[in-house]
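At position 22 of the sequence shown (counting the first as 1) the number is 22 in the working numbering, and the numbers step up by one without a gap.
Below is one structure, written out as structure tokens; comments come after it.
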Amino acid sequence: GVRKEDPPEYRPGERPEDRPEDRPEMSPASYISISGTEVGGMLAVVTGGGADEIDISNSSAHRTMRIHTSMGKDTVSITDTKAGRHLNVGTGAGEDNISLTNVSSRGAGYVFGGLHNDDSHIDGSTFRGLSINTGGGAEDNVTVENSTFHKSLSVQG
């Protein structure tokens, strides 16, 4: 008879795309710029694999702002922007750079770095609460300065 191969064993939380041998071919990078824009509901930006650059400035979303990149060396820069109820920024595997400057949200903010070394910089921003999870890279960097958190600030490496 034909023997089926055992499925690969993954660590808890590990996804197939986190292993080099299981990664799909990288797609081209995306450059997305949103400036001077007001959204009445949710603003969502989702990219595929590749070295993506997302630049949001002088904008607002009245409900939720959701930014999600996939694997690749990604840069997410949000400046002078209001994120309504929630701000969710997540980057996939890769050495990513996340910068929030003069960003505000009357609700919670979540910043999730993927695997590998990530830099997260929060400056002059205001949140009810902010949770930063760097994804566990060996050399992650988190800088928080000149910011206000009305309830909580949580940083996990």
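Positions of the beta carbon are idealized from the N, C-alpha and C atoms, including for glycine.
Just so we're clear, the structure is a prediction, and the values are computed from it rather than from any experiment.
Taking only three categories from DSSP, how would you classify residue i?
i   : result
E53 : strand
R23 : For R23, the pLDDT reaches just 48, beneath the cut-off of 50, and the residue's location in the model is therefore unreliable, although a value from the coordinates is still provided. R23 falls in the coil class under three-state DSSP.
T37 : coil
T64 : strand
N58 : coil
Can residue i and residue j be called in contact, C-beta distance under 7 Å?
i    : j    : result
N146 : D123 : yes
E53  : T75  : yes
I34  : S59  : yes
I78  : L100 : yes
H62  : V46  : no
T143 : H116 : no
G49  : M71  : yes
Relative to the alpha-carbon of residue i, which residue among the options has its alpha-carbon at the smallest distance?
i    : options                  : result
A51  : E139, E38 and A93        : A93
A138 : H121, R85, R128 and G114 : G114
F149 : G109, K73, R85 and G72   : G109
L130 : G49, N117 and N88        : N88
T64  : H116, T134, H86 and F127 : H86
R128 : M71, T81, G48 and S105   : S105
S57  : M71, G48 and N102        : N102
K151 : T81, G107 and G157       : G107
### Query
Hey, which unbroken runs of the beta strand (DSSP E) at 3 residues or more fall wholly within the region 67-155?
75-82, 86-90, 97-112, 119-123, 126-133 and 141-145
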